[in-house]
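Numbering (UniProt numbering), first residue to last: 1 to 1067.
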C-alpha cells in the first residue's frame, strides 16, 4: 500500500514538472532572457532598469555662467568668486564649449513633498566631466556620462527628513571627456570645434531593491558565461537566473531576491584563491589633457571615492603620486582634510612613494632618487607615514637600477602590470623577486588580471586566477578595481558586485585589504618564488625613447643644470655662508626639481601627450633653467667675492680633473700669453686645465699636439694625436683609429655616421611604438649627390680644434647641417647636428657599423650600465630591436671597442656589429606638431684601446653633457683649495654624482651621493676638503645609518658593483 502511494506521488510530481518546465535548458535562451531583464536597450519599459529610477522630473531652476578666462585659468577663481557671478536661467539642451572651457551651473532643486521617505537622486549629463558642490563650496562627487554609475548623485537619503527649502547645488563643468576630446580617435589631437551637449538635469526616486535585483541578474549571467563547462556552479548560476526571470515576470521580487541570495550564500572552500581587492583610480598626471585639468580630475575622482568610503565600511582605496595630493591640498583643502581622516583609518592609502608615477627609462639616476625623496618626504609630512611599496602600474619598461633605489628608501615591494602588454614574449611570472644590477632585490607582484582598472565582475576574478603564472606557489593575487587613466575610480556597482562575490563558491574570494597587508600575505609564500635578474623590458612603446626630442633635451639639460647649481650651494655651505641665503637657494632648487619630476611623468617625458602638455612643459623647463641659472650666478658671486685680485675661474661639477678646449667668455680679459683660437663663427677657444669638482682658478695650457685637418683623395683627414678620422664627401666616417694603433674601428666595407630614414607606421600607438618591420624600409640619407647642398668643407684648421661642415636636404623639405669637430686633447670625434625636421611618420637614425666582433652591446643606464645581446638567437633577443640608453653605448671585443656618446638622446639599436642612435620620430597622434621644426644636438664617436672603463668613456660622456663654465671673481690667495673644492680621490670607478644641501639642516649639512660605475667591488678613500665633524652613510631620506671613521679628513667607503651610497656630513 505504501509503495503504491509513493508511486502516485512521484507520478504526480513528474507530471507537474513536465507541465511547468523543460528538463533541459537551452543556454543561450536562458541567458538571453535573463539579460533582457537588465538590458539598457531592449524591454526598457518593463525590465528592472525601468524600475530603478522612477518618477523623473526636470530640475526647474537651472542657472548658467561661463568662465571667461583662457583654459586652465580656473585656478584664478575661488568659490566665493563664483558666487558673485551673474548666472543666467537656461534649459536643458545648451551646447557647451569650446573644449577646455569651464561652465558653472547653479541648480535650485525642489523635492516634492510626496517623495518623503524616498531616496532621491539628481541625474546629470553634460556629455563631459563635472563636479558637484554644496552651496557653501564643498566638493561632493564627480560626474561623467562615459562611465557606469557616474551620472547619478544621491541628494536625499531615504531616512533623511524632507528639506524645508529647495536644495541648492553648484556644478562645475569641464568641457572635456574622461580622455580629453580627441578628433576621430581617442588619441587624436583635441578637436577645437568640439562641443558638449547639456542633456539632462533631473531628479528621480531611486529604488535600491530593484537596483539590487539588477545586480544579482547581471552577476549570475556573468558567472554562467565565464565559468567552465565542467563547473557545476556555472549551471547553478544559469538556472538561478532563469528562476529569477520567472519570479520577476510574475512580479514576485522578494522571491527573486531570495533565489539570488541562496546562490551567493554558498560559501567558498577554505583553500580558495584570495583576491586582495584594492580600490584604485589611476590618474595620468597629463596625457590627452593638460596638467591643469588633471588637478580637477583628482577632485572629481577623490570626492567620489570619499562618498563610497562612507557607504561601504570594508572598502580600501590606494592612491599614489604625492604631487596630486599636494594639488588637492592646495586647491581643495576641505577635500584634503577628509582624505586625511581616511588615511588615518588606513582606508585611503597613500602608496607608491614617488612624486609622480614617472617614466622608468629616461630619467637620470639622481632624478629617480628625487622622485622617492620628495614623494616620501611629502607623505611623511602630510600623513606621518611613508610608503612601503613602489607603485607604478603603467609605464613603458623598468630600469634594473630600480630595485636598489627602492631599497635605499626602505621599500621592499613593487607592483606593476605593464609587461602584460609585451608583443612577443609573455613574462613568465606574476610574483617573483627582482634583482637589480647591484644585487639588491625586491618582491614584485603583477596583478594576473593584467589590468589596474578591473570592475569586480566574475570574469575579472576568473581571468585573474586563470592567468596566474604562479599556481601552486601563491594563494593570493591583487585585483585593482576602478576606472583609470582619465580618473573616475571605483563605483557603487563595483562595490555591490564585490559584496555579493566576496565569498561565493566557484569564484575566488574577494577580500578588501591595503597594499601593505597584501604584500605581507604574499611574503608568506615568497620562499617558493623565482628570481628575475636584470632589466624588465617592455616589448612595446619603444618609440618613447625618441618621440618629443626637444622635451628630452630640455630634461637632460635641467637634470645636469640642477646638479651643477646644487654643487655650488654645497660649496657655500662648507664655507659657512649665511643660513638664510642657503635656505632661499635650496627652496628655489626644490621648486625646480619638483617641476622636472612632474615632467618625467610616464606620458610626458616619453612623448605621448597632446601638444598643450608640451607647451606647458617647455614653459616649466624654461622657468627651471632661469631659476637654477640664477642660483648659479648668486652662488658664484658669494663664493668669489673676497678681497683679492680679480681672476678668471672655472667651475667643474665633475669629480675628476679635466683638460679641455673650452669656449671662452668674450666678456673677460685674458692674458696675452694665453693660446686662443678664433673659429669660423667668431668664437674664441682656449685649452684649460682644472681640478676636480669645485671652482678653480683657470689654468690655460699650451697645445702640445695640435688638431689638424687636410684634404686628400679619399676625403678629409682629421687628427689630434689621440684619434684620427677620414671623412668622405657625404659627411660619413670611412676610417677611425686610435693614434699609434693600426686597428680600424669602421666595419669592413661600411661607413659610420650613416644617416638613415625609415617608415614609421605603428598599428595604433603612433607616438609610442616602433615596429620591427621598419627595418625593412631603410633609406640612406647622406649617400647621394642629388640632395647634397654643401659637400664637407673646412671651417677651422686648428690648432685647438678643426672642423668640417656639410649640408643635405631630404624627404619633405627637411635639412641636416652638421659640423664635424675634433678638439685637441679629446679622445672623441664630435658631430654637432642641426636639423630642420618636416617629416610625416618617418624615423631618423644614425648608424655606426663597427669592426668589432661581439655578441652584446653595453648601454649606460641610471647609476651604471647593462649589456644587451646583439644577436637574434631567441625571440627575447629579437624583440629588443630598439632599446633605451643614456649618455653612451659601446661595442667592444677584448682589447678594443668603439663608444657613441650623446647629449640628449635615449633610443638605441644594437644588431650584429651595427650600433645605431635614434634621432627623431614624426608621429601625428596625439600631437600633430610633434618634433616639427629645428633641433640641435651633439653625438660623438670614441674608439678606444682596452675596455671602455679603462678608456674613460664614462667620464667623457659626463664632460660632453656638462661643459666647463668660466666665471670671474676674486678669492684671497691661499684659500682657493680650502674654500672652493669639496672632495678629492683618485679612484676612477667611483663617481661623485651629487653634492646637495641636507634636508633637515641645510645650512650645516651636505649630502654626497656616489656610485660605483665600472661594475666591480672596490674601496674608495675620500678626502674631504672641508671641516667635517661627523659623517654617516645615510638612507634615501637622509637618516644616519652607519657612522664613518674620519682619519686625516678622509673616510673609507666600500662599494659593491654599481652600488649607490649617500654620505651625510655634519659641519
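Even glycine gets a Cβ: it sits at the ideal position worked out from N, Cα and C. Since we're looking at a predicted model, the values are computed, not measured.
- In the structure shown, residue 315 falls within a coil segment according to DSSP collapsed to helix, strand and coil.
- The three-state reading of DSSP puts residue 771 in coil, since its state is none of H, G, I, E or B.
- Closest by C-alpha distance to residue 104, out of 113, 85, 119, 122, is 85.
- Residue 48 carries a coil assignment under DSSP once its states are collapsed to helix, strand and coil.
- Residue 62 and residue 151 have their alpha carbons spaced roughly 17 angstroms apart.
- The continuous alpha helix (DSSP H) containing residue 369 extends over residues 365-383.
- Counting along the chain, residue 341 sits inside the alpha helix (DSSP H) bounded by residues 333-344.
- Taking 8 angstroms as the upper bound for CB-CB distance, residue 1067 and residue 994 are not in contact here, some 17 angstroms apart.
- Counting only runs of 4 or more residues that sit fully inside the segment 251-285, the alpha helix (DSSP H) segments are 253-264, in chain order.
- Contact between residue 747 and residue 849 holds: CB atoms are separated by about 4 angstroms, below the 8 angstroms threshold.
- If you draw a 10 Å sphere on the C-beta of residue 934, you find fewer than 16 other C-beta atoms in it, and that means exposed.
- Distances from the CA of residue 1052 to each of 1016, 1040, 984 were compared; the closest alpha carbon is that of 984.
- Of the residues 177, 160, 780, 932, the one whose Cα lies closest to the Cα of residue 142 is 177.
- If you look at residue 629, you'll find it in the alpha helix (DSSP H) that goes 611-639.
- Here the C-alpha atom of residue 853 lies approximately 14 angstroms from the C-alpha atom of residue 943.
- Its chain contains 277, 278, 279, 280, 453, 454, 455, 456, 460, 490, 494, 498 as the residues whose beta carbon lies nearer than 8 angstroms to that of residue 481, once the 5 sequence neighbours on both sides are disregarded; these appear in chain order.
- In the structure shown, residue 225 adopts helical secondary structure according to DSSP, grouped into three states.
- A direct Cα-Cα distance of roughly 11 angstroms separates residue 538 from residue 884.
- Rounded to the nearest whole angstrom, the C-alpha separation of residue 399 and residue 536 is 7 angstroms.
- As summarised for the segment 383-429, the continuous alpha helix (DSSP H) elements at least 4 residues long and confined to that stretch are 402-408, given in chain order.
- For the pair residue 34 and residue 213, the Cα-to-Cα distance works out to about 12 angstroms.
- Taking a cut-off of 8 angstroms on C-beta distances, the segment 264-273 does not touch the segment 583-596, as fewer than three cross pairs fall below it.
- Under the DSSP assignment, residue 956 falls outside any beta strand (DSSP E), being part of the alpha helix (DSSP H) whose first and last residues are 953-961.
- Distances from the alpha-carbon of residue 185 to those of 990, 847, 982, 926 put 926 closest.
- By the beta-carbon neighbour count (other beta carbons within 10 angstroms, threshold 16), residue 769 is buried.
- By the neighbour-count criterion, in which 16 or more other beta carbons inside 10 Å mark a residue as buried, residue 352 falls on the buried side.
- Burial state of residue 56 is exposed, judged by a 10 Å Cβ sphere holding fewer than 16 other Cβ atoms.
- Residue pairing for residue 170: DSSP places it in a beta bridge opposite 106, 133.
- For residue 208, the closest of 708, 118, 553 by C-alpha to C-alpha distance is 118.
- If you check the CB distance, residue 858 and residue 869 do not come in under 8 angstroms.
- For residue 1014, the closest alpha carbon among the candidates 108, 1049, 1060 is that of 1060.
- Residue 876: member of the alpha helix (DSSP H) spanning 875-878, first to last residue.
- By DSSP's assignment, residue 478 forms a beta bridge with 276.
- Residue range 79-83 is occupied by the alpha helix (DSSP H) that includes residue 82.
- Around the beta carbon of residue 290, 16 or more other beta carbons sit within 10 angstroms, so the residue counts as buried.
- The three-state reading of DSSP puts residue 710 in strand, counting E and B together.
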